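**Student:** Before we start, here is the structure in question, set down as structure tokens.
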Amino acid sequence: MNQDVALNLRLLCSYYKSISDVTQRLGISRSQFNRYLSGRHRPAANTLRRICEFFDVAEYELQLPHEQFQQLVQHSPRQDSLVSGQPELEHLKMLMDKSSPELDKYLGYYFEYYYSMSNPGKVLKSLVCFSKVEDKILYQRTERLVEAGEQNQQVCHCKYLGVAHFLSDRIFMTDYESLTVNEITQTILYPTFKNRIHWLHGLRMGVSSNDERMPCSARVSMEFLGQEISLRKALAECGFYAPDDPVLEPSLLEMINNQGHNEHWQFRAK
-6 MNQDVALNLR LLCSYYKSIS DVTQRLGISR SQFNRYLSGR HRPAANTLRR ICEFFDVAEY
54 ELQLPHEQFQ QLVQHSPRQD SLVSGQPELE HLKMLMDKSS PELDKYLGYY FEYYYSMSNP
114 GKVLKSLVCF SKVEDKILYQ RTERLVEAGE QNQQVCHCKY LGVAHFLSDR IFMTDYESLT
174 VNEITQTILY PTFKNRIHWL HGLRMGVSSN DERMPCSARV SMEFLGQEIS LRKALAECGF
234 YAPDDPVLEP SLLEMINNQG HNEHWQFRAK
């Protein structure tokens, strides 16, 4: 029975940052708690009660055979309380629960266009991929920081990893640069209400990657490519483009244009 209690405690601790975090919250020394985790000692009655109250489990549940206890925890709403030691997870879970499943229709690959924050006057064309992992919509943005069409250049890549939510008819994207971990960006897009996805438009907020590190906002457009593409070919098209490059359609340039008179007090998406 002590061994089952030990295994069950280890499972409960796995939902927290560390065993030290659990022992600090419980007010039990790490060495004492390690004896419970090893199965060498069984908690006294009052200590067992404290542990069960902390993890929100009944005393008889903690003494169940480990396989049975594992199924109980994994299929119980009680699992939500196990993240109480990590408040940020509660906020993320709330957003996931509120996010609409309509976001599933946007899975696949996109070309993304916006005026570069680090290379003024140039349009940056990047590749974005939305995928579903369990019940979450994750995405990767790959930027190829090179002048399009020029040969024998040293290519620099930036890879952003993030999560997307669909809340009140808007698509919210939040990501970070995974290679340097020195910035976070957010993009808010209008969804399409047509059966066929072609373009998505919105605003991007981020920081220029040059030494200036200037916070910037820019209009962004995303062109749907499909769920199966040639990655090598698509990435080869990514890079910096001059606005007068014939590859860029005039209608696209108008959608991402950040200049001109703005009759609103805010900078708005088109």
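The letter at position 28 of the sequence shown is residue 21 when you use our numbering, and the numbering goes up by one with no holes. Note that the Cβ used here is the ideal one computed from N, Cα and C, for glycine as well. Everything numeric in this text was worked out from a predicted model, so none of it was measured.
Reducing DSSP to helix, strand and coil, say where K118 ends up.
**Tutor:** In the structure shown, K118 sits in a strand (DSSP, three-state: E or B).
**Student:** Using the Cβ count rule (16 or more neighbours within 10 Å means buried), how would you classify S7?
**Tutor:** Exposed, since its Cβ has fewer than 16 Cβ neighbours within 10 Å.
**Student:** In the DSSP assignment, find the unbroken alpha helix (DSSP H) run with K226 in it and report its ends.
**Tutor:** Start and end: L224 to A229.
**Student:** Tell me, which residues are paired with Q133 by DSSP?
**Tutor:** Answer by DSSP bridge pairing, in chain order: C122 and L154.
**Student:** At a cut of 8 Å, does the stretch 4 to 24 reach the stretch 35 to 53 through at least three beta carbon pairs?
**Tutor:** Contact holds: three or more Cβ-Cβ distances are below 8 Å.
**Student:** Could you check if D264 is buried or exposed, using at least 16 other CB atoms within 10 Å of its CB as the buried criterion?
**Tutor:** Only positions -6 to 263 of the chain appear in this structure, which leaves residue 264 out of reach.
**Student:** Tell me whether the beta-carbon of L117 lies closer than 7 Å to the beta-carbon of S109.
**Tutor:** In this structure, S109 lies closer than 7 Å to L117 by Cβ.
**Student:** Do L96 and F159 count as a contact pair if the criterion is CB distance below 7 Å?
**Tutor:** In this structure, L96 lies closer than 7 Å to F159 by Cβ.
**Student:** When you compare only the Cα positions, how much space is there between D73 and L0?
**Tutor:** Low local confidence applies: a pLDDT of 49 at D73 is under 50, so the model's placement there is unreliable, with the coordinate-based value given in what follows. C-alpha separation (whole angstroms): 20 Å.
**Student:** Could you pull out every residue in the same chain whose Cβ sits closer than 8 Å to the Cβ of L57, ignoring the five residues on either side in sequence?
**Tutor:** The answer, listed in chain order, is D(-3), N1 and L65.
**Student:** Please determine, among T16, F165, Q220 and L88, the residue with the shortest C-alpha to C-alpha distance to D128.
**Tutor:** Out of T16, F165, Q220 and L88, L88 has the C-alpha closest to the C-alpha of D128.
**Student:** Give me the Cα-Cα distance between S22 and T16, rounded to the nearest whole angstrom.
**Tutor:** Near 6 Å, if we compare the C-alpha coordinates of T16 and S22.
**Student:** Quick one: is F62 buried, meaning 16 or more other Cβ sit within 10 Å of its Cβ, or exposed?
**Tutor:** It is buried - the Cβ of F62 has at least 16 other Cβ atoms within 10 Å.
**Student:** Can you tell me whether P243 is buried or exposed, with buried defined as 16 or more other CB within 10 angstroms of its CB?
**Tutor:** The residue is exposed, with fewer than 16 neighbouring Cβ atoms inside 10 Å.
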